[in-house]
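Novice: There's a structure below that I have some questions on.
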Amino acid sequence: MAINKAKLKTLTRLCDKGFDTHKKILAIDMRAARDNGLDDDISGILDLQDAIRAHREIAYLCDGSDEKPGKEGV
């Protein structure tokens with residue numbers, strides 16, 4: 839599975855603007871995003887913040903998900 843290029847681009851833009859840690863990314867509000875020229879990335883930033891809170895950064899970047907166990911023997 840490959841890394842989602844749009845999500846990687848958003849992450850690269852954040853790092854270029856100095857948002858290079860979980861704490862800094864989680865602290866971004868919409869005003870900070872606008873002030874840093876990240877208007878086009880707001881949706882991606884919100885998704886990344888949700889992924890960080892859920893400890894699922896790799897799944898976020900790779901569009902991955904864990905398989906849910908099925909009901910066996912039913």
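Residue numbers (the numbering used here): 839 to 912. A virtual CB, placed ideally from N, CA and C, is assigned to each residue, including glycine.
In whole angstroms, give me the CA-to-CA distance for SER913 and PRO907.
Specialist: Because the chain in this structure spans residues 839 to 912, residue 913 falls outside the shown range and cannot be described.
Novice: Which whole runs of the alpha helix (DSSP H) in the region 859-900 are 4 residues long or more, in chain order?
Specialist: If we require 4 residues or more, the alpha helix (DSSP H) runs fully inside the region 859-900 come out as 860-864, 868-873, 880-891, 895-900.
Novice: Inspect the CB distances between the region 882-894 and the region 839-859 and report whether three or more fall short of 8 Å.
Specialist: The region 882-894, when compared against the region 839-859, does touch it at the 8 Å Cβ threshold.
Novice: Taking the alpha helix (DSSP H) that LYS843 falls in, what are its first and last residues?
Specialist: Taken as a continuous stretch (DSSP letters only), the alpha helix (DSSP H) holding LYS843 covers 843-854.
Novice: For ASP879, does the count of other Cβ atoms within 10 angstroms reach 16, so buried, or fall short, so exposed?
Specialist: By the 10 Å Cβ count, ASP879 comes out buried.
Novice: Given a threshold of 16 other Cβ atoms within 10 Å of its Cβ, counted over all protein chains shown, does ALA844 qualify as buried or as exposed?
Specialist: Exposed is the call here.
Novice: To which residues of the same chain is ILE841 closer than 7 Å at the C-beta, ignoring the five residues directly before and after it?
Specialist: Excluding positions up to five away in sequence, the list reads LEU899, CYS900.
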